[in-house]
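Take a look at the structure set out below.
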Amino acid sequence: MQKNTEPNKQLFSGFSVPDTAQINRALAIVAQIPEDPHYYRPKGVEVAAVLLNLNIDLDTILAAILSDPRLAQVTPKPDIKAQFGDTVTTLVDDVNWLNKLTVYSLEMTDQPNQTETLRRMLLSMTRDVRAVLIKLAYRVQRLKVLPRESYELRRFIAQETLDIYAPIANRMGIHQLKWELEDMAFRYLDPQAYLYIAKSLTDNRVQRENCINNFIALLQEKLAEESIVADIYGRPKHIYSIWKKMRRKQLDIDELYDLLAVRVIVDNLTACYATLGMVHSLWQTVPKEFDDYIANPKENGYQSLHTVIIDADGNRIEVQIRTQQMHDFAELGVAAHWSYKEGGKHDTAIEKNIASLRKLLDETGRKEDSDEVLAENFRSELFNDRVYVLTPAGKLIDLVKGSTPLDFAYAIHTEVGHRCRGAKINGRIVPLTYPLKSGEQVTILTAKDGGPNHNWIDLNLGYLKTSAAISKVKSWFKNQQQAQNMAAGKAILDKETQRMGVKMVDLAELAKHYHQPDADHLLEAIGRSDISSRQLAAFFKIPELDTPPVPVKREKPLAKSVITVDGVHNVLTSMAQCCSPMQGNDIIGYISHKKGITIHRKDCENILQLSPEKQNQLISVSWGDKKASYAVPIVIHAFNTQNLLNDVSQILAQAKIHIASAALDTHPDFSAQLNLTIQVENTDQLSQVLNKISQLPNILDVKRKT
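Right under this line is the structure:
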């Protein structure tokens, strides 16, 4: 039996006839939810009622109603997309995801970077910023029913609200929700302090109202005499903000001067200073509390005149004076809603979305044309160049979009990156080139020792995206080369000194002679052959041989096979067609029953997905010394087909690379996809030729096909 929806219909009676019809359809759907007297979590209709106070648009109201968690119990499942369209469906999906998110932990309270990363993750993973607004309304309702929860859960929800959701509300400029979230959360976290401040405000409420009203009446009268038009009103102070100021200034509530606050909005800049002069002439001022943020704006652009006066009864009143334009910036811009309150960095995308959202909230009517235009601005552009992933311990890592598990490993620690040999995403093994997605949990598989692979810094192979990780790999190879050169230089120097019978060498003197800063650089230069054996012989006065030594005839070494299996050459092997391994790739062998040993790349999907039983058929293999060529498929995307095949063929011919097959697919928009199979010797040769092809005109993308 369906519930009576008339009370809810009355709640949404302020909409147009067509909008009301859609709301009634949404109410009819949630009316199918079975009654449960023990369910006391927020309901969609209650959340929509919170949003009504913000004058929000129809799609947001519908999504709030239809994101009711209890709808999962309704069968058959309602087809929201068919009845309400794509926008409402997207909003409902995003809100449901936000309501199920369980990333936050109490440890984040003392980790500002983690809480900021989580806020960014929430904003980046919602496709429509209005979903975040609905989530904030859900949190308001959640706080209202918290008394029925356990003490531990009350504190957890309240702390999460202060750490994550109140700052997001502040950042979006929705002060009504921000203050409500902060005050209710504070009430659960410190009920004694909350009640103390609330009682003090109640006891003095009438006195404060009379004081503010008297101030406004006198100032309004004097400004009118000077023909200055002004909008003057008292600014309410909220309990949590009062408590924060009491703690920051180490004062009791009776000692705070700015519990009384007034804002004056005037038409122009001249009127700002004229009003300030009027205020200072009528009341005694507190000189140390005057700030001219118009002449000296804050770094974030915030502008206003701030002063504190003392009235005839000794009350201190904070007065803010600004133009409407300054006030709009403070309300809509980053000044009031991000940097000014939180100390964060300016971000154009955030400012744009804040402005779009606030414009919709401030609309007094619901005109279809304005709503449609504004709705287009709600496609979330927040942090669309970032991904946010989790460690197994639940720590959030902020990376550039397109980052791989290898980038993640280097973000954790340089050594973890160097020793990384594999990765799991949400428990599933993936290639190291896998592009990470926000919300995924990443586990890195490491070796006990070893270092990075040269392929990792080849941008065409896609192992690394972040410049920091690439720099760490390059630095490792540079250090390794330095160590090898120093060892080689030491061996050469020892050989020369032994040949001439020198027992002690003054390395400092030798370094000075060859203009090297120290002994390490000297040995490295010798190892690089920057300082030759002949030069060393000259230093030690070793006589040069007039005739070259008689060459010793050596037997020609046996040619080794392309693949070595457990150190054994000439074993029957074949290259797997699924991943097309080539010299330079990390490889592994798979013992098959018909083809001998099949050679795969270690990151081949077929190898990564082997069952535990078949993993026993894997065997260690390595590349031998014998040169060979390998068939490698590549794919080229271009936006013009003219001369494409000819230009690519010329580059391959110059590199002496054979084309085994070619297929060109053209499209109506004149773009094309060229699929080639080419014969190359190793990954270095492949990388070089891909680089050359990518520099051709009209080329959009070229890569190895996987």
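Oh and the sequence shown: position 706 is 1536 in the working numbering, straight run, nothing missing. The beta carbon of each residue, even a glycine, is placed where N, CA and C say it ideally should be.
message: Which of the three DSSP states is assigned to residue 1477 in this structure?
response: Translated into positions along the sequence shown, residue 1477 becomes position 647. Helix.
query: What are the start and end residues of the beta strand (DSSP E) that includes residue 1254?
result: If you number the sequence shown from 1, residue 1254 lands on position 424. 1250 to 1255 is the extent of the beta strand (DSSP E) around residue 1254.
Residue nearest to residue 997 in terms of C-alpha spacing, selected from 901, 1013, 983 and 894: To locate residue 997, count along the sequence shown from 1; it is residue 167. The shortest Cα separation from residue 997 among 901, 1013, 983 and 894 belongs to 1013.
task: Just grab the DSSP bridge partners of residue 1226 for me.
output: Counted from its first residue, the sequence shown places residue 1226 at position 396. 1220.
task: Quick one: give me the first and last residue of the beta strand (DSSP E) that residue 1316 is part of.
output: Working through the sequence shown from its first residue, we reach residue 1316 at position 486. No beta strand (DSSP E) contains residue 1316, which is instead part of the alpha helix (DSSP H) from 1297 to 1330.
- request: Report back the beta-carbon spacing between residue 1523 and residue 1481 to the nearest angstrom; my notes put them in contact at under 8 Å.
  value: Translated into positions along the sequence shown, residue 1523 becomes position 693. Translated into positions along the sequence shown, residue 1481 becomes position 651. That pair is a contact at about 6 Å.
task: Could you check what DSSP says for residue 1114 in three-state terms: helix, strand or coil?
output: In the sequence shown, residue 1114 corresponds to position 284, counting from 1. In this structure, residue 1114 counts as strand in the three-state DSSP scheme.
- prompt: From residue 1449 to residue 1251, what distance separates their C-alpha atoms?
  reply: Here residue 1449 refers to the residue found at position 619 of the sequence shown. Here residue 1251 refers to the residue found at position 421 of the sequence shown. Approximately 16 Å, taken between the alpha carbons.
field: Whether residue 1266 touches residue 1221 by CB criterion (8 Å)
entry: On the sequence shown, residue 1266 is found 436 positions in, with the first residue counted as 1. On the sequence shown, residue 1221 is found 391 positions in, with the first residue counted as 1. The answer is no: Cβ separation not under 8 Å.
Check whether residue 1356 and residue 1451 have beta carbons under 8 Å apart: Indexing the sequence shown from 1 puts residue 1356 at position 526. Indexing the sequence shown from 1 puts residue 1451 at position 621. The answer is no: Cβ separation not under 8 Å.
- prompt: What residue does the beta strand (DSSP E) around residue 1043 start on, and which one ends it?
  reply: On the sequence shown, residue 1043 is found 213 positions in, with the first residue counted as 1. Run containing residue 1043: none in the beta strand (DSSP E); it sits in the alpha helix (DSSP H), 1035 to 1055.
Straight-line gap, residue 993 to residue 940 (C-alpha atoms, nearest Å): Taking the sequence shown and counting its residues from 1, the one referred to as residue 993 is at position 163. Taking the sequence shown and counting its residues from 1, the one referred to as residue 940 is at position 110. Those two C-alpha atoms are separated by around 10 Å.
field: Span separating the alpha-carbon of residue 1536 from that of residue 1229
entry: As a first step, residue 1536 is located in the sequence shown; it is residue number 706 there, counting from the start. As a first step, residue 1229 is located in the sequence shown; it is residue number 399 there, counting from the start. Their Cα atoms are separated by approximately 24 Å.
task: Would you give the residue range spanned by the alpha helix (DSSP H) that residue 940 belongs to?
output: By 1-based counting over the sequence shown, the position of residue 940 is 110. Counting along the chain, residue 940 falls outside any alpha helix (DSSP H), and DSSP gives it neither H nor E.
message: On the DSSP letters alone, give me the boundaries of the alpha helix (DSSP H) that residue 998 sits inside.
response: Start at 1 with the first residue of the sequence shown, and residue 998 comes out as number 168. Counting along the chain, the alpha helix (DSSP H) containing residue 998 begins and ends at 996 to 1001.
query: Between residue 1295 and residue 1232, is the Cβ-Cβ spacing less than 8 Å?
result: If you number the sequence shown from 1, residue 1295 lands on position 465. If you number the sequence shown from 1, residue 1232 lands on position 402. Going by C-beta atoms, residue 1295 is nearer than 8 Å to residue 1232.
message: Does residue 917 pass the burial test, meaning 16 or more other C-beta atoms within 10 Å, or should it be called exposed?
response: By one-based count along the sequence shown, residue 917 stands at place 87. With 16 or more Cβ atoms within 10 Å of its Cβ, residue 917 is classed as buried.
message: Going by DSSP in three states, residue 1265 sits in which element: helix, strand or coil?
response: One-based indexing of the sequence shown puts residue 1265 at position 435. Looking at residue 1265 - three-state DSSP - the assignment turns out to be coil, as it is neither helix nor strand.
Beta bridge counterpart(s) of residue 950 as assigned by DSSP: Taking the first residue of the sequence shown as 1, we reach residue 950 at position 120. For residue 950, which the question treats as bridged, DSSP gives no partner whatsoever.
task: Kindly indicate which three-state DSSP category residue 891 falls into: helix, strand or coil?
output: Counting from one through the sequence shown, the residue named residue 891 turns up at place 61. Note: residue 891 maps to helix in three-state DSSP.
message: Rounded to the nearest angstrom, what separates residue 1225 and residue 910 at their Cα positions?
response: As a working note, residue 1225 is residue 395 in the sequence shown. As a working note, residue 910 is residue 80 in the sequence shown. The straight-line gap from Cα to Cα measures roughly 35 Å.
query: Do you know offhand how far residue 1068's Cα is from residue 1290's?
result: Indexing the sequence shown from 1 puts residue 1068 at position 238. Indexing the sequence shown from 1 puts residue 1290 at position 460. Distance between the alpha carbons of residue 1068 and residue 1290: 56 Å.
At least 3 beta-carbon pairs within less than 8 Å: the region 1100 to 1117 vs the region 1047 to 1061: yes
message: Is the beta carbon of residue 1504 closer than 8 Å to that of residue 1526?
response: Residue 1526 sits at position 696 when you count from the first residue of the sequence shown. Residue 1504 sits at position 674 when you count from the first residue of the sequence shown. No. Outside cutoff.
task: Can you give me the start and stop residues for the beta strand (DSSP E) that residue 1272 sits inside?
output: For the purposes of this step, residue 1272 is taken as residue 442 along the sequence shown, with counting starting at 1. It spans 1272 to 1276 - the beta strand (DSSP E) in which residue 1272 sits, taken as one unbroken run.
Rounded separation between residue 1239 and residue 1280 - CA only: On the sequence shown, residue 1239 is found 409 positions in, with the first residue counted as 1. On the sequence shown, residue 1280 is found 450 positions in, with the first residue counted as 1. Spanning the two alpha carbons is a distance of roughly 15 Å.
- prompt: By Cβ distance below 6 Å, which residues in the same chain neighbour residue 1060 in space, the five residues on each side in sequence not counted?
  reply: Residue numbering aside, residue 1060 sits at position 230 when the sequence shown is read from its first letter. So the qualifying residues of the chain are 1053, 1094 and 1096.
- prompt: DSSP three-state call for residue 1510: helix, strand or coil?
  reply: The residue labelled residue 1510 in the question sits at position 680 within the sequence shown. DSSP places residue 1510 in strand when its eight states are reduced to three.
field: Beta-ladder partner(s) of residue 1339, from DSSP
entry: Here residue 1339 is taken as the residue at index 509 of the sequence shown, counted from 1. Answer by DSSP bridge pairing: none, since residue 1339 is not bridged.
message: My output table needs one value for residue 1505: the three-state DSSP class, helix, strand or coil.
response: Reading the sequence shown from its first residue, position 675 is the one you call residue 1505. In this structure, residue 1505 counts as strand in the three-state DSSP scheme.
- prompt: Going along the chain, which residues of its own chain have a beta-carbon closer than 8 Å to the beta-carbon of residue 989, five neighbours each way excluded?
  reply: Along the sequence shown, read from residue 1 onward, the residue named residue 989 stands at position 159. Contacts found: 936, 939, 1015 and 1019.
field: As assigned by DSSP and simplified to three states, the class of residue 1293
entry: For the purposes of this step, residue 1293 is taken as the residue at position 463 of the sequence shown. Correct three-state label for residue 1293: coil.
query: So, residue 964 versus residue 933, is the Cβ gap smaller than 8 Å?
result: If you number the sequence shown from 1, residue 964 lands on position 134. If you number the sequence shown from 1, residue 933 lands on position 103. No, the pair does not count as a contact, with Cβ atoms beyond the cut-off.
message: Distance check for residue 1215 and residue 1179, CA to CA, integer angstroms please.
response: To locate residue 1179, count along the sequence shown from 1; it is residue 349. To locate residue 1215, count along the sequence shown from 1; it is residue 385. At residue 1179, the pLDDT of 45 sits below 50, so the modelled position is not reliable; the number obtained from the coordinates is stated separately. If you take the alpha carbons of residue 1179 and residue 1215, they lie about 11 Å apart.
DSSP state of residue 1442 mapped onto helix, strand, coil: In the sequence shown, counting from the first residue as 1, residue 1442 sits at position 612. Coil at residue 1442, not helix or strand.
Separation of residue 1362 from residue 1317, as counted between CA atoms: Counting from 1 along the sequence shown, the entry for residue 1317 is found at position 487. Counting from 1 along the sequence shown, the entry for residue 1362 is found at position 532. Near 15 Å, if we compare the C-alpha coordinates of residue 1362 and residue 1317.
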